[in-house]
Structures are given as structure tokens and as C-alpha cells.
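Structure first, commentary second.
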Amino acid sequence: MPYSPRTALVVVDVQNDFADPSGSLAVHGGPEVVAAANAEVRAATTAGAAVFYTQDWHPADTPHFAKDGGTWPVHCVRDTWGAQLHPELQVVGEVVRKGENGEDGYSGFSMRDPGSGEVVPTRLPALLRDAGVEELVVVGLATDYCVRATALEGRQQGWPVTVRWSAVAAVDVEPGDGERTREDLVAAGVVIA
Ligand code: VGL
Ligand code: ZN
């Protein structure tokens, strides 16, 4: 899908812990996603599209982490190297942090308070609405978690969504999770390009 001034590119979690091979939750294919995301950033800005970035930004202790009863190795702890956007990523727009207060969740649009269970929005939906965005392109990491949740919630909130498949990569906790994600996205009306 071509970019236009009414399109927003959403670059999901291209952070050292996911994108760098020495990151604590390194995704196979992460470094290639940095380059592919940069190509999308160039195409978007050339066409006058806005670019937004999400950043997983966890406290040192959070039920998101296995050591605290959750799922994941410690990653993207705020103010650490692992949480920084990859140094080669072209950053030309607003960065939206998620999980700052220990919230759990994967979508760039919302987070769940682990205490109350309440789902609260991030800054992203308001930024997209204020910018008059009419369609979204999603790229980044990881296909089967934050890209998936962000694309699905963008759809649910009413935007046409395209995921650029060459600019995403999956964690694949179970082999095939990336491919299953593709089917789920298509079923939800997300365009895979
Ligand atoms: C992510 C696992 C845990 C992601 C974030 O960005 O896809 N995955 N936290
Ligand atoms: Zn996380």
C-alpha cells in the first residue's frame, strides 16, 4: 500500500533487547527488521506520512517477567540499554512508551493494570486521531506479540491496517507462531503486504 499524508507508519518496539542479537529477548531476524523498518520510514516520510514509534518500557519488577510470576525474561527495563530504540533506527516522530507503571500487555494502543485489571489507553490512539490519520502501516517486533496486538487493536478501533511482512519478525515461542499470527491478522481484516 502506498503511503499518503493520511497514513501513519507505526514502528513497534525496535529496541535493543529484541533487535540486537545480544538482547535478552533477541528475535531471530531482528537486525534485518531494523533495516526494513528504516526503508519504511523513508518511504513514509517521502510521502508525507507521520511516523510513530512504540517502546516497551518496564519497571525492574513487573508481573510481565517470569521472575515475578509472568512469562518473559527480564527485558526493556526502563533507562537501560535493552530498552533503548536500536541505535540504527531512524527516529523521525513521536515515541510512545508502554508499561511505564508496570502495566502488562502488548498492544501499542492500550495496557492492563496488573492490580486492578483495568485497561488504559497509551498516548497512541489520541496522537493518531489528532494527526487526522486514516490508515495505518505496522512494522517492527515482535510479529506474534506486540505487532499482532497493535495491528489487531488498530483494526478494532476502526483503522484500515497493513502489516509489512518483510519488516516484522516473530519470537516463535512455539514454532509456527509467526505464521499463525499471519492467519489471525488476515481473519481480522488486516492486510499483509
Ligand atoms: C514483546 C514480549 C514481551 C513485543 C514485548 O514487543 O512483542 N514481546 N514484551
Ligand atoms: Zn515486554
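The sequence shown finishes on residue 222 if you use the numbering used here, and the numbering steps up by one all the way, no holes.
Ideal placement from N, C-alpha and C gives every residue a C-beta, glycine not left out.
Secondary structure, beta strand (DSSP E): runs of 3+ residues fully inside the segment 180-207:
190-198
From Cys105 to Gly169, what does the alpha carbon distance come to, in whole angstroms?
For the purposes of this step, residue 105 is taken as the residue at position 76 of the sequence shown. For the purposes of this step, residue 169 is taken as the residue at position 140 of the sequence shown. Distance between the alpha carbons of Cys105 and Gly169: 15 Å.
Report all residues for which the CB-ligand distance to some heavy atom of the ligand VGL is below 5 Å; order them along the chain.
Asp42, Asp85, Trp101, Ala171, Tyr174 and Cys175
N-terminal and C-terminal residue of the beta strand (DSSP E) that Leu170 is part of
Stepping through the sequence shown from its first residue, residue 170 is reached at position 141. Start and end: Glu164 to Leu170.
According to DSSP, simplified to helix, strand and coil, what is Tyr32?
Here residue 32 refers to the residue found at position 3 of the sequence shown. Three-state DSSP puts Tyr32 in coil, outside helix and strand.
Could you check if Val127 is buried or exposed, using at least 16 other CB atoms within 10 Å of its CB as the buried criterion?
Position 98 of the sequence shown holds residue 127. Checking the sequence, you will find Lys at residue 127 rather than Val. Answer is buried; the Cβ neighbour count reaches 16.
Is Asp108 helix, strand or coil by DSSP?
Position 79 of the sequence shown, counting from 1, holds the residue named residue 108. In this structure, Asp108 counts as coil in the three-state DSSP scheme.
Going by DSSP, what residue range makes up the alpha helix (DSSP H) through Asp46?
Within the sequence shown, the letter at position 17 stands for residue 46. Looking at the DSSP string, the run of the alpha helix (DSSP H) that includes Asp46 is Asn45 to Ala48.
What does Phe138 pair with, by DSSP beta-bridge criteria?
Position 109 of the sequence shown, counted from the start, is the residue given in the question as residue 138. BP columns for Phe138 are empty, so no partner.
Would you please state the rounded distance, in angstroms, between the beta carbons of Thr172 and Val197? I believe it to be under 8 Å.
For the purposes of this step, residue 172 is taken as residue 143 along the sequence shown, with counting starting at 1. For the purposes of this step, residue 197 is taken as residue 168 along the sequence shown, with counting starting at 1. The Cβ separation is near 4 Å, so the contact holds.
Would you report the Cα separation of Pro102 and His87, rounded to the nearest angstrom?
The residue you call residue 102 lines up with position 73 of the sequence shown. The residue you call residue 87 lines up with position 58 of the sequence shown. Between Pro102 and His87, the C-alpha separation is close to 12 Å.
Quick check on the DSSP output: the beta strand (DSSP E) that includes Val148 runs from which residue to which?
By one-based count along the sequence shown, residue 148 stands at place 119. It spans Val148 to Pro150 - the beta strand (DSSP E) in which Val148 sits, taken as one unbroken run.
Measure the C-alpha to C-alpha separation of Phe47 and Gly131 and round it to an integer number of angstroms.
Sequence index remark: in the sequence shown, residue 47 carries index 18 (1-based). Sequence index remark: in the sequence shown, residue 131 carries index 102 (1-based). Phe47 and Gly131: Cα-Cα distance of roughly 19 Å.
From Ala155, Ala65 and Ala180, residue whose alpha carbon lies closest to that of Glu117:
Taking the first residue of the sequence shown as position 1, residue 117 is located at position 88. Considering only alpha carbons, the answer is Ala65.
Identity of the residue in Val120, Arg152 and Val70 nearest Thr36 by Cα
Stepping through the sequence shown from its first residue, residue 36 is reached at position 7. Checking every option, the nearest Cα to that of Thr36 belongs to Val70.
Which value, in whole angstroms, describes the spacing of the CA atoms of Thr74 and Val39?
Position 45 of the sequence shown, counting from 1, holds the residue named residue 74. Position 10 of the sequence shown, counting from 1, holds the residue named residue 39. One C-alpha to the other measures close to 12 Å.
Alpha-carbon to alpha-carbon, Ala72 and Arg152
As a first step, residue 152 must be located in the sequence shown, where it is residue number 123. As a first step, residue 72 must be located in the sequence shown, where it is residue number 43. Answer to the nearest angstrom: the Cα atoms are 24 Å apart.
Whose C-beta lies closer than 7 Å to the C-beta of Gly58 among residues of the same chain, with five residues either side of it excluded?
Mapped onto the sequence shown, residue 58 falls at position 29. Closer than 7 Å at the Cβ level, and outside the excluded window around Gly58, lie Ala198.
Does the distance between the C-beta of His115 and the nearest non-hydrogen atom of the ligand ZN fall short of 8 Å?
Here the question's residue 115 lines up with position 86 in the sequence shown. No, Cβ of His115 sits at least 8 Å from all heavy atoms of the ligand ZN.
Local conformation of Ala216 per DSSP, three classes:
In the sequence shown, counting from the first residue as 1, residue 216 sits at position 187. Helix.
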